[in-house]
Structures are given as C-alpha cells and as structure tokens.
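306 is the number that full-length UniProt numbering gives to position 306 of the sequence shown; each next residue is one higher, with no gaps.
Using N, Cα and C, we set each Cβ at its ideal position, and we do this for glycine too.
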Amino acid sequence: MSVTALELNLSTPSRATVRKWPQELKDKRKTELHNIRMSRFRNKKTSENIVMQQEHRRLERELENRIGELRHTDVGRDIEGVPQVQRELQRLVLEREDLREESVALRQEITQRLKFREVVQSATNKLAVENFSPDGSEQASDVTVRYVDSTWLPVQEQAGRWVHFTNGKPSFFFFPFSRHEIDTVLRLHDSKASTVSEKLILFGKFLGWSVYHGTLLQDKKWHLDRFSKRVERSFDSLLNGMYRDDGTCIWPIMPTARDFEVTAEIDIQTTQILDDSSSVIMRSYSGDFHFRYMGVVHRAQIQLQDDGKRVLKFYYVVGDSEANARSRAADTTSQDDVCWITDERGFSLTLAEVDGASVDVSFDSLACLNSEQSAFTHFIMFGHIVTRWEHLMMFSNLLKF
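Now the structure itself:
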C-alpha cells in the first residue's frame with residue numbers, strides 16, 4: 001500500500017531545496033572521508049609513538065648496561081687495541097652520567113626544601129594560634145626560626161603572646177614589632193604630617209594656644225590639627241615635668257571614654273617594651289563597633305639645631321605590622337563587629353628650646369576622618385588632650401616650690 005507525503009503530513013520540498021541536495025551530499029561525503037583519514041593518521045601516530053617509546057626504553061637499558069661495564073673497567077688504563085680517543089670518550093660518558101645523577105638528587109632535595117619553606121612560612125601564624133591556648137596557659141619561647149639566604153638560623157626575639165580583653169571579645173595573638181617596623185610606622189606618620197603641615201591655616205586662639213588646621217589635598221579625609229604655644233619655662237624643667245617621681249613618663253596622654261563618647265571602660269595594655277624610649281600598647285573600646293588598635297609610643301633622641309638649641313619629639317601613633325596582619329587574617333574566631341584601626345593616625349608633641357627660660361610647644365594630631373561631624377568631634381577631643389597636658393605641667397611646676 002502506497003503512502004503519500006500528504007498522508008504523512010510531510011511538507012513537500014521546494015525546487016531550490018532539492019537543487020542544494022547534491023552539494024550537501026558531496027560536503028557530507030567529504031567530511032566523512034576527512035574523518036577517516038584523520039583517524040588513520042592518529043592511529044599511525046599512536047603506533048609510531050609506541051614504537052619510539054619502546055626503542056627509547058631499549059636504548060636506555062643498553063646505555064645503563066654499557067655504563068655499568070665501563071664502571072667495572074679501568075677507563076684510564078691503556079688497553080691494547082682501544083684508541084685513546086675512545087677511552088677519553090668513555091671517561092666523559094661516565095663523568096656526564098655521574099653529574100646527571102648528582103643533578104637529579106640535588107633537584108629533588110631543592111624541591112623538598114622549597115616545599116618545606118613554603119609550608120612553614122604560610123602556616124606560621126595559624127600554627128601559632130593553634131599551638132597556644134587563649135586561656136593564658138601558653139608557654140612562650142624566646143627562640144624563633146627565620147629563613148635567611150637559604151639557611152635556617154635561630155634568632156633570639158621576644159616571643160608573641162595572647163592579648164585578652166576585658167569586654168569579653170575574642171583574644172588576639174600579638175607578634176612583637178621589630179625596630180625597623182617601629183621606624184616605618186613613625187616615618188609614615190611624619191611623612192603625612194609634614195605634607196599637610198605645609199597647608200596649615202591659622203584657625204584662631206584657644207586658651208592661649210594658636211590653633212591651626214589643614215587637610216591633605218590628595219585625600220581630604222586626612223586632617224591635621226596643631227596647637228602651638230610658647231611656654232615660659234626652661235627646657236630642662238619642662239622635660240623633667242614629663243616624668244613622674246617613679247621615673248615613668250606621663251606621655252602618651254590618651255583619649256578617655258568621655259572623649260570617645262562611650263560609657264564602657266577602655267581596655268589598655270602594654271604589649272611590648274623595646275627599650276626605655278619605645279613601647280607598643282593595645283587599646284580596645286566599645287561603641288557602634290568594638291574598636292581595637294595598636295599604638296606605638298616613642299620618645300625620639302634630642303636633636304641639636306645649628307644654634308645649639310634642643311628639640312625633642314614624643315610620638316603616639318597607630319601602627320601595624322605584617323605579622324600581626326597575618327595573625328588577624330588567620331584568626332577564625334574574629335567577629336564582624338570587631339574593627340581594627342591600622343592607619344598611621346596619632347599624636348605628637350614637640351618641645352623646641354627658644355632660650356634658657358622659654359620653650360615652643362607644638363601638639364600635632366593627624367587623623368583620617370570621614371565627615372565634618374567626626375572631624376569636629378576629633379578636634380574637641382584633641383583640645384581636651386592638650387589642656388590636660390598643660391594642667392599636668394602646671395601641677396608639676398607648682399610641686400617644685
């Protein structure tokens with residue numbers, strides 16, 4: 001029984017479509033032939049590669065046998081019937097093989113050492129956090145290991161330790177700052193402050209202090225406030241007033257909880273003492289977030305000017321180090337409401353001797369602030385610090401009479 005295209009509900013091809021069929025058949029046949037040829041070519045290449053690999057292994061075995069035979073014979077000895085050139089060639093072959101084996105062994109050892117170095121250096125902070133208990137029962141060691149010029153050397157350093165906070169927030173594993181890191185923090189602070197100081201504008205007078213203000217043009221968020229005043233007091237007397245009877249320095253004069261407009265107690269800890277002039281403290285206080293920062297406290301060396309007058313500068317600068325940054329990153333217990341301040345903001349106090357009875361005092365405050373309101377709040381806080389220092393100096397002067 002015959003069935004028509006109409007009965008199968010098939011559309012009848014047009015003449016244009018029918019005319020394309022021969023070319024489509026040729027293209028299809030061409031593609032099939034190409035696939036067959038490529039398949040034969042790939043099979044042939046595979047067979048050739050197998051034959052070449054077998055021949056390579058055979059030659060390697062033969063070379064090993066020949067080298068073994070040469071090692072059992074005295075290559076340097078004159079053998080009748082063996083030309084001198086052949087003996088030298090045999091000797092070179094043996095030397096080359098010995099060097100190749102030595103090179104392979106050295107490469108394996110280097111690879112192993114590099115892997116070991118990478119593992120140790122990448123996991124230092126994580127291992128430190130895991131191996132020390134945050135409950136205060138850690139046993140710190142003053143010996144660490146440092147990789148220097150491909151040699152592992154023991155280096156005597158002050159070991160890291162856990163810092164615990166009274167507000168119940170997770171503890172932090174602190175790594176001591178090196179002298180170079182301390183100097184870097186102070187240098188970055190001075191660099192920003194000196195750039196802004198060139199654009200300071202006299203703001204007015206406040207309790208006898210000349211008040212200046214300026215911003216960093218490249219980044220309007222950086223503000224510098226300066227309070228300067230000439231104090232009728234000798235340099236030595238003023239410097240002695242900076243120290244209490246027990247020899248401790250009243251610097252730094254830090255912001256209080258009222259200055260930060262918070263009611264919670266501020267946690268202050270000395271985490272490192274480098275020497276009599278440098279230390280690192282850590283502060284933590286709660287507001288909208290739990291703020292933390294490490295502050296570098298430093299007293300510079302007294303500088304003599306060309307006229308013989310003395311200049312002394314005190315620093316209190318927020319700082320950070322690579323080791324502590326890695327420690328924070330590796331700390332899986334840190335919370336989102338903990339905010340670390342790590343820029344180079346801070347205060348400095350400069351005492352510049354004028355004569356035997358007067359000193360120019362300059363207080364600088366450098367801070368990164370996001371709004372006019374925060375800039376104004378910071379200005380008020382800084383004014384409180386300046387007046388507190390002045391009251392302490394007046395009180396110390398009265399005690400001497």
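- Please state whether DSSP places E60 in a helix, a strand or coil. Translated into the one-based positions of the sequence shown, residue 60 becomes position 60. DSSP, read as helix, strand or coil, puts E60 in helix.
- Task: Please name the residue in P255, V231 and K192 whose C-alpha comes closest to that of E390.
- Result: Walking along the sequence shown from the start, residue 390 turns up at place 390. Nearest C-alpha to E390: V231.
- Message: Using CA atoms only, rank isn't needed, just tell me which of S234, D259, S197 and S39 is closest to A352.
- Response: Here the question's residue 352 lines up with position 352 in the sequence shown. Here the closest residue by C-alpha is S234.
- Task: Between the Cα of G383 and those of R283, V338 and G204, spot the shortest distance and give me the residue it belongs to.
- Result: Position 383 of the sequence shown holds residue 383. The alpha carbon of G383 has as its nearest neighbour, out of R283, V338 and G204, the alpha carbon of G204.
- Message: Going by DSSP, what residue range makes up the alpha helix (DSSP H) through L349?
- Response: Along the sequence shown, read from residue 1 onward, the residue named residue 349 stands at position 349. Looking at the DSSP string, L349 is not in any alpha helix (DSSP H); the run it does join, the beta strand (DSSP E), is G346 to D355.
- Query: Within this structure, are the beta carbons of V280 and F165 separated by less than 8 Å?
  - Reply: Walking along the sequence shown from the start, residue 280 turns up at place 280. Walking along the sequence shown from the start, residue 165 turns up at place 165. Their beta carbons are not under 8 Å apart, which means V280 does not touch F165 by this criterion.
- Euclidean distance between Cα positions of V93 and I36: Residue numbering aside, residue 93 sits at position 93 when the sequence shown is read from its first letter. Residue numbering aside, residue 36 sits at position 36 when the sequence shown is read from its first letter. Rounded to whole angstroms, V93 and I36 show a C-alpha spacing of 47 Å.
- Task: Compare the C-alpha of I341 against each of N324, E95 and F376 and name the closest.
- Result: Position 341 of the sequence shown, counted from the first residue, corresponds to residue 341. Scanning N324, E95 and F376 for the CA closest to the CA of I341 turns up N324.
- Task: Please confirm if the stretch 285 to 299 is in contact with the stretch 313 to 330, defined as three or more CB-CB distances below 8 Å between the two stretches.
- Result: With the cut-off at 8 Å, the stretch 285 to 299 and the stretch 313 to 330 touch.
- Apart from the five residues on each side of it in sequence, which residues of its chain come closer than 7 Å, Cβ to Cβ, to residue 402? Residue coverage of the chain in this structure runs from 1 to 401, which leaves residue 402 outside it and unanswerable.
- Between the Cα of I380 and the Cα atoms of H180, L33, R226 and S286, which residue gives the shortest distance? By one-based count along the sequence shown, residue 380 stands at place 380. Measuring from the Cα of I380, the nearest candidate turns out to be R226.
- Item | Inter-residue CB distance, M282 and T271 (contact presumed, cutoff 8 Å) | Residue mapping note: residue 282 aligns to position 282 of the sequence shown, counting from 1. Residue mapping note: residue 271 aligns to position 271 of the sequence shown, counting from 1. Going by Cβ atoms, the distance from M282 to T271 rounds to 5 Å, so yes, they are a contact pair.
- Message: Quick check on DSSP: helix, strand or coil for A367?
- Response: Reading the sequence shown from its first residue, position 367 is the one you call residue 367. If DSSP states are grouped into helix, strand and coil, A367 belongs with the strands.
- Residue(s) in a DSSP beta bridge with T215: What you label residue 215 is simply residue 215 of the sequence shown in a count that begins at 1. Among the bridge pairs identified by DSSP, T215 is matched with H223.
- May I ask which residues mark the beginning and end of the alpha helix (DSSP H) holding K199? Residue mapping note: residue 199 aligns to position 199 of the sequence shown, counting from 1. DSSP places K199 outside any alpha helix (DSSP H), giving it a letter other than H or E.
- Message: Does the stretch 342 to 350 come into contact with the stretch 185 to 194, if we say contact requires no fewer than three beta-carbon pairs (one atom in each stretch) closer than 8 Å?
- Response: Taking 8 Å as the limit for Cβ pairs, the verdict is that the stretch 185 to 194 does touch the stretch 342 to 350.
- Return the bridge partner residues of I281 from the DSSP annotation. Working through the sequence shown from its first residue, we reach residue 281 at position 281. Answer is T270 and G295.
- Task: Look at the Cβ atom of H180, then the Cβ atom of E344, and state whether they are nearer than 8 Å.
- Result: For the purposes of this step, residue 180 is taken as the residue at position 180 of the sequence shown. For the purposes of this step, residue 344 is taken as the residue at position 344 of the sequence shown. No. Outside cutoff.
- Item | Simplified DSSP assignment, three categories, for Q108 | On the sequence shown, residue 108 is found 108 positions in, with the first residue counted as 1. Helix at Q108.
- Task: Round the Cβ separation of S278 and I182 to the nearest angstrom and send it over; I've been treating them as touching at under 8 Å.
- Result: Sequence index remark: in the sequence shown, residue 278 carries index 278 (1-based). Sequence index remark: in the sequence shown, residue 182 carries index 182 (1-based). Going by Cβ atoms, the distance from S278 to I182 rounds to 6 Å, so yes, they are a contact pair.
- Query: F177 lies in the beta strand (DSSP E); which residues open and close that run?
  - Reply: Locating residue 177 in the sequence shown gives position 177, where the first residue counts as 1. In the DSSP assignment, F177 falls outside any beta strand (DSSP E), carrying neither H nor E.
- Using the beta-carbon count (16 or more within 10 Å), is T17 buried or exposed? The residue labelled residue 17 in the question sits at position 17 within the sequence shown. T17 is exposed by the Cβ-count criterion.
- Message: Could you give the first and the last residue of the continuous alpha helix (DSSP H) run that contains R161?
- Response: As a position in the sequence shown, residue 161 is number 161, starting the count at 1. Annotation: R161 is outside any alpha helix (DSSP H); the continuous beta strand (DSSP E) that includes it extends over R161 to V163.
- Task: Out of Q53, E60, D259 and F363, point me to the one whose CA is closest to H213's CA.
- Result: Stepping through the sequence shown from its first residue, residue 213 is reached at position 213. When only C-alpha atoms are compared, the closest one is F363.
- Take residue 406 as the anchor and find which of M294, R310, Q303 and D307 has the nearest alpha-carbon. Outside the displayed span of the chain (1 to 401) sits residue 406, for which this structure offers no information.
- Query: How would you call L8, buried or exposed, if buried means at least 16 neighbouring beta carbons within 10 angstroms?
  - Reply: Taking the first residue of the sequence shown as position 1, residue 8 is located at position 8. Note that L8 scores 44 on pLDDT, short of 50, meaning its location in the model is unreliable and no value can be drawn from it.
- Message: Quick check on L304: does DSSP put it in helix, strand or coil?
- Response: On the sequence shown, position 304 is the one that residue 304 refers to. DSSP, reduced to helix, strand and coil, places L304 within a strand of the structure shown.
- Item | Environment of H290 [buried if 16+ CB atoms lie within 10 Å] | Position 290 of the sequence shown holds residue 290. Around the beta carbon of H290, 16 or more other beta carbons lie within 10 angstroms, which makes this residue buried.
- Task: Could you name the residues that DSSP lists as bridge partners for D360?
- Result: Translated into positions along the sequence shown, residue 360 becomes position 360. DSSP output for D360 lists R230 and A352 as bridge partner(s).
- Message: Quick check on K169: does DSSP put it in helix, strand or coil?
- Response: Reading the sequence shown from its first residue, position 169 is the one you call residue 169. Here K169 sits in coil by DSSP.
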